[in-house]
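Engineer: Be aware that the sequence shown starts at 82, since it is given in our numbering, and climbs by one per residue.
One structure coming up, written as structure tokens, with questions to follow.
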Amino acid sequence: MQFMMFVVADPAAEPYVPEEDNIAGWVADVTASGARITGDRLRPPTHATTVRVRGGKVLTSDGPFAESKEWIAGFDLLDCASLDEAIAIASRHPMARFGSIELRPFWPIDVSEDPRPRATREAGG
């Protein structure tokens, strides 16, 4: 199963402690396991552009559409055998303490896509 893992900045979380930020180790670990496909940080909401089409016209505005103290600070794309595996990976991310992590399973547009977990596909089962 593939999951989008949103890394969320949350001002209500534990205070950020730079010395306890093990993100480089987390990235190396999860990438080496084959579960992390890609990921990166995102610029703050002040750098966002919101795009809408109304009445056939493209409208853009600076910043996010919704006002929120929480914001998506980064993402990772995971390929896991199960939701439990994705939760275990997410729980080791430093932002699970200093923010929050949201996991969402992919909902493929292509209905012919193989929905079996990576381990099952690789095992030929």
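For each residue, glycine too, the CB sits at the ideal point set by N, CA and C.
Hey, how far is the Cα of Thr131 from the Cα of Pro125?
Structural biologist: Taking the straight line joining both Cα atoms gives about 13 Å.
Engineer: Given a cut-off of 8 Å, decide if Leu123 and Phe84 are closer than it, judged by their beta-carbon atoms.
Structural biologist: Their beta carbons are not under 8 Å apart, which means Phe84 does not touch Leu123 by this criterion.
Engineer: Going by Cα to Cα distance, which pick from Ala129, Lys138, Ile190 is closest to Gly144?
Structural biologist: Nearest C-alpha to Gly144: Ala129.
Engineer: So the candidates are Ala90, Pro92, Trp107; which of them puts its Cα closest to the Cα of Ser172?
Structural biologist: Nearest C-alpha to Ser172: Trp107.
Engineer: Answer with buried or exposed for Pro175, where buried requires no fewer than 16 other C-beta atoms within 10 angstroms of its C-beta.
Structural biologist: Pro175 is buried by the Cβ-count criterion.
Engineer: With a threshold of 6 Å on Cβ separation, who are the neighbours of Ala90 within its own chain once the five nearest residues in sequence on each side are excluded?
Structural biologist: For Ala90, where only same-chain residues beyond five positions count, the Cβ hits under 6 Å are Trp152, Ala154, Gly180.
Engineer: How far does the beta strand (DSSP E) with Leu159 in it reach, from first residue to last?
Structural biologist: Segment 152 to 160, the beta strand (DSSP E) holding Leu159.
Engineer: Does DSSP classify Arg133 as helix, strand or coil?
Structural biologist: Reduced to three states, the DSSP call for Arg133 is strand.
Engineer: Could you tell me whether the Cβ atoms of Ala116 and Asp160 are closer together than 8 Å?
Structural biologist: Result yes, Cβ atoms of Ala116 and Asp160 sit closer than 8 Å.
Engineer: Could you check the C-alpha separation between Val111 and Ala93 for me, to the nearest Å?
Structural biologist: Their backbone Cα atoms lie some 27 Å apart in a straight line.
Engineer: Going straight from the alpha carbon of Ile168 to that of Leu158, what length do you get?
Structural biologist: Rounded to whole angstroms, Ile168 to Leu158 spans 13 Å at the Cα level.
Engineer: From the DSSP output, in three-state form, read off Pro99 for me.
Structural biologist: Pro99: helix per DSSP, three-state reduction.
Engineer: Does DSSP classify Ala116 as helix, strand or coil?
Structural biologist: Reduced to three states, the DSSP call for Ala116 is coil.
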